[in-house]
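Chemist: Below you will find the structure I want to go over with you.
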Amino acid sequence: MGVLNLTPDSFYSENNLSVEERLSNLSNADIIDVGAESSRPGAVPITSENEIKRIEELLPFLSQNLIELSIDTYKPATASFALKNGFTYVNDITGGQSTEMLEIVANHNANIILMHMQGTPPTMQNNPIYSNVLDDISAFFENSCECAIKAGISSKNIIIDPGIGFGKTISDNDEIINNISKLKSLGFPVLIGVSRKSFLQHNGDSPSERLPTTISANTISMLNGADIIRVHDVDEHVKTRAILSRMCRQ
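What the sequence shown shows, in my numbering, is residues 105 to 354, in sequence order.
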């Protein structure tokens, strides 16, 4: 899954590139995840009207696109607009807490990515605490997936994302990545999103310098069973996946 941010305040921005250039860089992705609101720690929410305006400006560039599209939003109005305009996934960082959102996804027979987050983007990294991070996240998904199915979403259309960096300490993130098999035991595909996040910082490097650590973390995630990895650098990860597939077959 390649990331296309339309936000001016994302923690890792490629706004120096044109939309055409960014889409070209994502051409080898299986899915493109479009975000019109930043969810970085401390991010300020925007209205669904502003989200939709940003997506509308992108639509002409997507007319020839053959890659499946995901909308990264927790707002029902934004999700509804996207699904009516060719998107087939909703990536909901609130984990389907809105009944209206679940019903919209069900009515479009779309896919939903349910993410776990402790708190909200403005507050989520303020001393996150768990009794047991894996047990707590698993319990959250048992409930949220049940709610999604009751709303009419096919279990085959549900993907779970433990929310690396969303209300998690560094040790929480490490524990989740090392125990993806526990999450897979819930019976749903698992998405992992670590790309260039601060827990991968090494010797004070910036997000633009975190490709090596991102590939390292995603390699471990894939070896541990991640079904989807959400990345800014698609081509590098396509190559990594190809080598892993070849070597693991041997």
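Yeah, the Cβ is synthetic: ideal placement off N, Cα and C, and Gly gets one too.
1. Should the segment 176–196 be regarded as contacting the segment 233–240, the criterion being three or more beta carbon pairs within less than 8 Å?
2. Compare the Cα-Cα distances from Q255 to each of T344, V338, L206 and report the closest residue.
3. Candidates E161, L173, L162: which alpha carbon is nearest A133's?
4. Since I believe T198 is in contact with M221 (beta carbons under 8 Å), could you give me their beta-carbon distance rounded to a whole number of angstroms?
5. Comparing C-alpha positions only, which one of T151, D240, L166, A183 sits nearest to S202?
6. Rounded to a whole number of angstroms, what is the C-alpha to C-alpha distance between D309 and S275?
7. May I ask you to report which of helix, strand or coil DSSP gives V298?
8. Mind checking which residues open and close the alpha helix (DSSP H) that includes I103?
9. In the DSSP assignment, the beta strand (DSSP E) including N231 goes from what residue to what residue?
10. What are the start and end residues of the alpha helix (DSSP H) that includes E279?
11. Roughly how many angstroms separate the alpha carbons of M219 and M351, rounded to a whole number?
12. From K179 to S152, what does the alpha carbon distance come to, in whole angstroms?
Modeler: Checking against the coordinates, here is how it stands:
1. no
2. Note on residue identity: the sequence assigns Ala, not Gln, to residue 255. The residue with the shortest Cα to Cα distance from A255 is L206.
3. L173
4. 7 Å
5. A183
6. 19 Å
7. coil
8. Absent from the structure is residue 103, since the part of the chain shown begins at 105 and ends at 354.
9. Looking at the DSSP string, N231 is not in any beta strand (DSSP E), and its letter there is neither H nor E.
10. Boundaries of the alpha helix (DSSP H) harbouring E279: 274–282, taken from the DSSP string.
11. 31 Å
12. 6 Å
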